[in-house]
Amino acid sequence: MRKLALCAAFAMTLALPAAIAHAQDRYPSKPIRLLTPFAPGGGSDILARLITPQVSEALGQTIVVENRPGGGGTLGAGLVVRADPDGYTLILVSGSYGANGALHNLPYDTVTGISPVILLGTTSLLVSLHPSVPIKNIKQLIAYAKANPNKLNFGSAGIGGLGHLAQELFRLETKVKFVHIPFKGSGPVMTALISGEVDSSFSSLVPSIPHVKAGRLRAIAVTTPKRSHALPEVPTISETVPGYDVTHWYGIWGPKNLPREIVMRWNQEVAKVLRSDTVHKWLLKEGLEPAGGPPEEFRDRIKADVEKWRRVVKEAHIVAK
92 MRKLALCAAF AMTLALPAAI AHAQDRYPSK PIRLLTPFAP GGGSDILARL ITPQVSEALG
152 QTIVVENRPG GGGTLGAGLV VRADPDGYTL ILVSGSYGAN GALHNLPYDT VTGISPVILL
212 GTTSLLVSLH PSVPIKNIKQ LIAYAKANPN KLNFGSAGIG GLGHLAQELF RLETKVKFVH
272 IPFKGSGPVM TALISGEVDS SFSSLVPSIP HVKAGRLRAI AVTTPKRSHA LPEVPTISET
332 VPGYDVTHWY GIWGPKNLPR EIVMRWNQEV AKVLRSDTVH KWLLKEGLEP AGGPPEEFRD
392 RIKADVEKWR RVVKEAHIVA K
């Protein structure tokens, strides 16, 4: 009996890799969750809902976009880190994810503790103001803030988010003083800015551009070294503050140890969507440079951001709450 039991156990051990491979061959066999770690209406939410219909069609399964705001994006990311690495729970994050790795003492490594899938694209953050604020450019913003310390308030998608850190980098390099007001995502920031609850923000181009074009916001600068082709008339911060550079991005990743076959399936299908005529034109119109490329390129981007923002967090004495 013991010999038979050992033989049966050995047979099951041999069969396990085959069973896993068979499950991967059938992937996906049920609906997939794609989390976004911010409230509806922000850049990551808009982008997730833009690309999922075509990816869903290609995979032959429903993809449910699920908003999980909180903790500057750490709540949603934590849920995906703890999910089973079976390809049925992924997340679409923004550049704030790289910032979180520098700010928070997380129970996982933001670079090695995940399975990067694909870098979707890069873009600028946009410095915009409520039209009632009497400031037309970065030079005036700096002069006004120095003459009126802490009178201006800046909204962000959360403490330690990319918008917040971009503001802090600006503060460090210009020596100005203003008040930071955190929200739970880009959507609430846009609502507060349009209503005049906050004076300004450093926010993603994706949710900002429609309001700029409608006259509800005044755009005064972008954070990348080069101007955005979506708003070519808007200067860069670096034209006034030499060397200033914050590049925003969006990407998809899954839990650590996600099978390579599933990673590459998603990578290839999403890349096709990014290259499709409709999506490609939309991205460019919204100021987002399509990326694509292998998963390793996305990992390198995250690693570089974590190293950059550690310096800003330390020098600006930013503490997560």
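The numbering of the sequence shown is the working numbering, which starts it at 92 and goes up by one. The beta-carbon is built from N, C-alpha and C at its ideal position, and this holds for glycine as well.
(request) Assuming LYS230 and THR331 form a contact by the criterion Cβ under 8 angstroms, report the distance between their Cβ atoms to the nearest whole angstrom. (result) Correct: roughly 5 angstroms between the Cβ atoms.
(request) Report buried or exposed for ASN358, applying the criterion of at least 16 other Cβ atoms within 10 angstroms of its Cβ. (result) Burial call: buried.
(message) Taking 9 angstroms as the threshold (C-beta atoms), are ASP368 and GLY189 in contact?
(response) No, Cβ-Cβ distance for GLY189 and ASP368 is not below 9 angstroms.
(message) Tell me which residue opens and which closes the alpha helix (DSSP H) that PHE389 is part of.
(response) Where PHE389 is concerned, the enclosing alpha helix (DSSP H) stretches over 386-406.
(message) According to DSSP, simplified to helix, strand and coil, what is THR338?
(response) Note: THR338 maps to strand in three-state DSSP.
(message) On the DSSP letters alone, give me the boundaries of the beta strand (DSSP E) that LEU426 sits inside.
(response) With the chain covering 92 to 412 only, the question about residue 426 has no answer from this structure.
(request) Below 8 angstroms on the Cβ atoms is my guess for VAL146 versus VAL364; work out the distance and round it to an integer in Å. (result) Contact between VAL146 and VAL364 holds: CB atoms are separated by about 6 angstroms, below the 8 angstroms threshold.
(request) Check whether the Cβ atoms of VAL172 and PRO346 sit closer than 9 angstroms, and answer yes or no. (result) VAL172 places its beta carbon less than 9 angstroms from that of PRO346.
(message) For a test of the three-state rule: what should DSSP assign to HIS195, helix, strand or coil?
(response) Note: HIS195 maps to coil in three-state DSSP.
(request) Go ahead and pull the three-state DSSP assignment for VAL208. (result) It is a strand residue.
(message) Since VAL410 and LEU263 should fall inside the 8 angstroms C-beta cutoff, what is the C-beta to C-beta distance between them, to a whole number of angstroms?
(response) Actually they do not touch by this definition, with Cβ atoms about 16 angstroms apart.
(message) If distances are taken between C-alpha atoms only, which option among LYS405, LEU379, LEU210 and ILE393 comes closest to VAL354?
(response) Comparing Cα positions, the closest option is LEU210.
(message) For a minimum of 3 consecutive residues, which ranges assigned as the beta strand (DSSP E) are wholly contained in the stretch 258-297?
(response) Unbroken beta strand (DSSP E) runs of no fewer than 3 residues, entirely contained in the stretch 258-297, are found at 270-273 and 291-295, following chain order.
(request) Let me know if VAL155 comes out buried or exposed under the rule of 16 or more other beta-carbons within 10 Å of its beta-carbon. (result) Here VAL155 is exposed: its Cβ has fewer than 16 other Cβ atoms, across all protein chains shown, within 10 Å.
(message) With three or more beta-carbon pairs closer than 8 angstroms as the criterion, would you say the stretch 212-224 touches the stretch 293-310?
(response) Contact between the stretch 212-224 and the stretch 293-310 is established, with three or more Cβ pairs separated by less than 8 angstroms.
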